[in-house]
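Notes follow once the structure below has been shown.
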Amino acid sequence: MARFTLPRDIYYGKGTMEELKNLDGKKAIIVLGGGSMKRFGFVDKAVNYLKEAGIEVQLFENVEPDPSVETVMKGAQAMREFEPDWIISMGGGSPIDAAKAMWVFYEYPDAKFEDLITPFSFPKLRTKAKFLAIPSTSGTATEVTAFSVITDYAKGIKYPLADFNITPDVAIVDPDLAETMPPKLTAHTGMDALTHAIEAYVSTLNSPFTDPLAIKAIQMVFEFLPASFAGDMKAREQMHYAQCLAGMAFSNALLGIVHSMAHKTGAAFETGHIPHGCANAMYLPFVIQYNAKDETAKKRYADIARAVGLEGKDDCELVNALCKKIDAYNVALNIPKTLKAFGINEDEFKRKVASIAELAVGDACTGSNPRAITPKEMEKLLECCYYGTEVDF
41 MARFTLPRDI YYGKGTMEEL KNLDGKKAII VLGGGSMKRF GFVDKAVNYL KEAGIEVQLF
101 ENVEPDPSVE TVMKGAQAMR EFEPDWIISM GGGSPIDAAK AMWVFYEYPD AKFEDLITPF
161 SFPKLRTKAK FLAIPSTSGT ATEVTAFSVI TDYAKGIKYP LADFNITPDV AIVDPDLAET
221 MPPKLTAHTG MDALTHAIEA YVSTLNSPFT DPLAIKAIQM VFEFLPASFA GDMKAREQMH
281 YAQCLAGMAF SNALLGIVHS MAHKTGAAFE TGHIPHGCAN AMYLPFVIQY NAKDETAKKR
341 YADIARAVGL EGKDDCELVN ALCKKIDAYN VALNIPKTLK AFGINEDEFK RKVASIAELA
401 VGDACTGSNP RAITPKEMEK LLECCYYGTE VDF
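Positions in the sequence shown are counted from 1; adding 40 to them yields the numbering used here.
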């Protein structure tokens, strides 16, 4: 038996944040990031809409990029003191991911973070509160997914938490918020969305329900990301929808080793923190080369290439054309091709690559990758990503 889960309601279009006026509840806590939503006036709008609905509001602010276990625990404590019946998170993937994890510890104060690392092992939620997400970036799609990524900085590891229980009840996909993204963030989140859709399409858990969402998202990203990066707000709106479609696909089909590698390298190097979308963009062409040695995966990558208008006399040529197209987008978006070009120190990379490879193989996303991988193979793949060498194994 398979399962396909989405939020109960998705509101989309410019100005749809006004839907907060119609929320039914008594208390709402709004979980926020570093302050941009306040600066651009969106927090005041949200608070006023909620007050119109007769809802008392409290803010939990300053969730850091790549939120920590400590921040999650602080937020859960604030929720236990305030006792909201709605948890609302507004901003990029970090505050929304953090709020999802806070939700668990609000409803289950005695739970331990280690209990949540095993995928799909969460306790039943919605005993105290429902969850509403309003994204301001066009990449993570956490507003429609069953995932949250939390970082244990003491161990230097990002943990992808996965459970259908943390799929939001309501998503408000209002492109007005995405207009605030700077170019670099637009590039990184856009390539994150592309990676989500491509990995969902080739995942071992792909299905007739997820395939159309993934393909449409891929087509839209290739069509609209360059103009969105250049500041075209009509294209920015379409990217906001494309990333949401990609999220619906990967939340149900799951992901693959591009994400396993990104999760385990993002916070691993003292010589540079690697933003998640940037890591995905760098690793994606190398992982496609690795996975395409599996015949089923190769056919599906070729399907993607045809869907975006690429040509080739056979599947191998189509896969190569897809990798070249992704490389060209990375160049246009000022994303480095390799970890070395990104600035990761070679000695540090050599010292840590074996342990990172082992952690990446154990990541929750590895299980649905279309081609199996061992720690030794993962180490070789990471070396290809560092030096830019061909994946020939």
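We put the CB at the ideal spot given by N, CA and C, even for glycine.
- Under the three-state reduction of DSSP, LYS338 is assigned to helix.
- When the beta-carbon positions are compared, ASP106 and GLY306 come within less than 8 angstroms of each other.
- According to DSSP, residue pairing for THR191 in a beta bridge involves SER108 and LYS198.
- Judged by beta-carbon spacing, PRO215 lies within the 8 angstroms limit of ARG276, meaning their Cβ atoms are closer than that value.
- Within a 10 Å sphere around the beta-carbon of VAL97 sit 16 or more other beta-carbons, which makes this residue buried.
- For GLY133, the enclosing alpha helix (DSSP H) covers residues 133–147.
- With a contact defined as Cβ atoms closer than 8 angstroms, ASP137 and ILE190 qualify at about 7 angstroms.
- In the DSSP assignment, ASP49 falls within the beta strand (DSSP E) that extends over 49–52.
- Annotated three-state conformation of SER268 is helix, per DSSP.
- From the listed residues TYR193, SER300 and GLU419, the smallest Cα separation to GLU310 is found for TYR193.
- Between MET279 and SER268, the C-beta gap is smaller than 8 angstroms, which places the two residues in contact.
- As a beta-bridge residue in DSSP terms, VAL97 pairs with ALA68.
- Counting C-beta pairs with one atom in each stretch, the stretch 369–389 and the stretch 282–290 have fewer than three that are closer than 8 angstroms, which means they do not touch.
- Listed as beta-bridge partners of ILE206 by DSSP are no residues whatsoever.
- A distance below 6 angstroms between beta-carbons, with the five flanking residues on each side excluded, links CYS425 to the following residues of its chain, in chain order: TYR323, PHE326 and LEU379.
- Fewer than three pairs of CB atoms, one per stretch, sit closer than 8 angstroms, so the stretch 381–398 makes no contact with the stretch 343–350.
- Within a 10 Å sphere around the beta-carbon of SER161 sit fewer than 16 other beta-carbons, which makes this residue exposed.
- Annotated three-state conformation of VAL431 is coil, per DSSP.
- The beta carbons of LEU399 and ILE197 sit closer together than 8 angstroms.
- Scanning PRO208, LEU201 and ASP354 for the CA closest to the CA of ILE127 turns up PRO208.
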